[in-house]
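Trainee:
Numbering (mature numbering (1 follows the signal peptide of the UniProt record, and there is no 0)), first residue to last: -22 to -1, 1 to 313.
1) Across which residues does DSSP place residue 148 in a beta bridge pair?
2) So if DSSP puts residue 49 in a beta bridge, which residue, or which two residues, is it bridged to?
3) Strictly by DSSP, which residues pair up with residue 235?
4) Could you say which of 31, 94, 146 and 55 lies nearest to residue 221 if we only look at CA atoms?
5) Go through its chain and collect everything with a Cβ distance to residue 249's Cβ below 7 Å, but skip five positions before and after it.
6) So, under 8 Å CB-CB, residue 53 and residue 78 are touching, yes? Tell me the CB distance rounded to an integer number of Å.
7) Of all the options 46, 8, 44 and 88, which has the alpha carbon lying nearest to the alpha carbon of residue 55?
8) Got a sec, what are the start and stop residues for the alpha helix (DSSP H) residue 64 sits in?
9) Nearest-angstrom Cα distance between residue 135 and residue 229?
10) Classify residue 120: buried if its beta carbon has 16 or more other beta carbons within 10 angstroms, exposed otherwise.
11) Would you kindly report the start and end of the unbroken beta strand (DSSP E) that includes residue 202?
12) Using a Cβ-Cβ cutoff of less than 8 Å, which residues in the same chain neighbour residue 29 once the five nearest sequence positions on both sides are dropped?
13) Compute the Euclidean distance between the alpha carbons of residue 104 and residue 247, then round it to the nearest angstrom.
14) If you draw a straight line from the alpha carbon of residue 36 to that of residue 224, how long is it in whole angstroms?
15) Can you give me the Cβ contacts of residue 182 inside the same chain, cut-off strictly under 8 Å, excluding the 5 residues immediately before and after it?
16) Could you give the first and the last residue of the continuous beta strand (DSSP E) run that contains residue 220?
17) What is the DSSP secondary structure of residue 137, counted as helix, strand or coil?
18) Quick test of your reading: residue 73 and residue 113, contact by CB under 8 Å. State the CB separation rounded to the nearest angstrom.
19) Name, in chain order, the residues that DSSP records as bridge partners for residue 72.
20) In terms of DSSP beta bridges, what is residue 188 paired with?
21) If you compare alpha carbons, which of 227, 226, 41 and 215 is closest to residue 236?
22) Please state whether DSSP places residue 174 in a helix, a strand or coil.
23) Can you find the residues in the same chain that come closer than 8 Å, C-beta to C-beta, to residue 91, ignoring five residues on each side of it along the sequence?
24) Quick check: the Cα distance between residue 50 and residue 195, rounded to an integer number of angstroms?
25) Give me the Cα-Cα distance between residue 18 and residue 57, rounded to the nearest whole angstrom.
26) Look at the alpha carbon of residue 41 and the alpha carbon of residue 115, and state the distance between them as a whole number of angstroms.
27) Can you tell me whether residue 26 is buried or exposed, with buried defined as 16 or more other CB within 10 angstroms of its CB?
28) Indicate the three-state DSSP secondary structure (helix, strand or coil) for residue 254 in the structure shown.
29) Are the beta-carbon atoms belonging to residue 124 and residue 12 less than 9 Å from one another?
30) According to DSSP, is residue 159 part of a helix, a strand, or is it coil?
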């Protein structure tokens, strides 16, 4: 009987976490684009295919203060964007701008908006690799949802991965140029991004297959897809990896990077598995029910299958410097 009660408690806590994420993010009507994406295309081509404008309304672009493309991200509510920790590591939130509703890079698009960042949160023990490569960005103000700007749904806790997923981004679109997962450098080729937002479908593969490629264990918090022609890479770091489940689009992954410099071929790509971080999000978002989340405890570390709470880095507008240590995040405020 005691075991049954414990089992019921675990189920209740899992359901509560999922409902809390939906309530806190305000995404009960998420994952339903007003403009439907074209999924009937032959999109296993280099760089994918151009998307129907506005059909992936949660896709976000993170830019530097001088308008340099940093990464992609996914809008998960009216004020929060998920991206890769590598995009924000050792950055000031005041130096980041989020671009929503964008389709064409070099011209203004109908309904696009630019927003400043209030704070950005990364793992205190993130060290630059693929483990815990996830971050959350709080926008300076809430956004109004439109036909071209709306959030994607978060997955259920430990939700199984689909066999195929979609990636969107402005990744490199010319076969003659090798690509790199380092989003800060173009290796002499200039700006190789596609002129418009593109989409590609890729196959989810086992982590064992990734092990064969990387010659080292792939963290359980990561899943892999085949890097075929059209797969996300380079400038798509931090971008959404999604699939439609029960008639709503669900965010299964955040692009973390790849092997062999992300060159075209069968090399796998790595993505942070969002479903394992739902508790993290609940602990980050401010709550209106009993208790208030401490924003400095913004994420949870998953270690060997156990959930361990760690203090994470919060980069606020008032922070002039912050350092990242294994178990400590230090913020020095401007006086």
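Beta carbons are placed, not taken as given, at the ideal position from N, Cα and C, and that holds for glycine.
Mentor: Reading it off the structure:
1) For residue 148, which the question treats as bridged, DSSP gives no partner whatsoever.
2) Listed as beta-bridge partners of residue 49 by DSSP are 40.
3) Answer is 248, bridged to residue 235.
4) It is 146 whose Cα lies nearest to the Cα of residue 221.
5) Same-chain partners within the cutoff: 200, 201, 203, 219, 231, 232, 233 and 234.
6) Between residue 78 and residue 53 the Cβ distance is about 6 Å, and since that is below 8 Å, they are a contact.
7) Checking every option, the nearest Cα to that of residue 55 belongs to 8.
8) Under the DSSP assignment, residue 64 falls in the alpha helix (DSSP H) whose first and last residues are 63 to 66.
9) Taking the straight line from one Cα to the other gives about 12 Å.
10) Residue burial annotation: residue 120 is exposed, with fewer than 16 other C-beta atoms found within 10 angstroms of its C-beta.
11) First-last of the beta strand (DSSP E) with residue 202: 200 to 204.
12) If you ignore the 5 residues before and after residue 29, its C-beta comes within less than 8 Å of the C-beta of 15, 16, 81, 146, 174, 175, 176 and 177, all in its own chain and listed in chain order.
13) Each residue's alpha carbon lies about 19 Å from the other.
14) When rounded, the distance between both Cα atoms is 18 Å.
15) Within the same chain, residue 182 has close Cβ partners 139, 140, 141, 142, 143, 201, 202 and 203.
16) Run containing residue 220: 218 to 223, per the beta strand (DSSP E) assignment.
17) In this structure, residue 137 counts as coil in the three-state DSSP scheme.
18) The pair is not a contact, with the Cβ atoms about 14 Å apart (cut-off 8 Å).
19) BP columns for residue 72 are empty, so no partner.
20) Paired residues: none, contrary to the question.
21) With distances taken between Cα atoms, residue 236 lies closest to 215.
22) Three-state DSSP puts residue 174 in a strand.
23) Cβ neighbours of residue 91 beyond the five flanking positions: 77, 78, 79, 121 and 127.
24) Going by the C-alpha atoms only, they are around 26 Å apart.
25) If I take the Cα positions, the gap works out to 32 Å.
26) Rounded to the nearest angstrom, the two C-alpha atoms are 13 Å apart.
27) With 16 or more other Cβ atoms within 10 Å, it is buried.
28) Reduced to three states, the DSSP call for residue 254 is helix.
29) Result yes, Cβ atoms of residue 124 and residue 12 sit closer than 9 Å.
30) A caution first: residue 159 carries a pLDDT of 37, below 50, which makes its placement in the model unreliable, though a value can still be read off. When DSSP states are grouped into helix, strand and coil, residue 159 belongs to the coil group.
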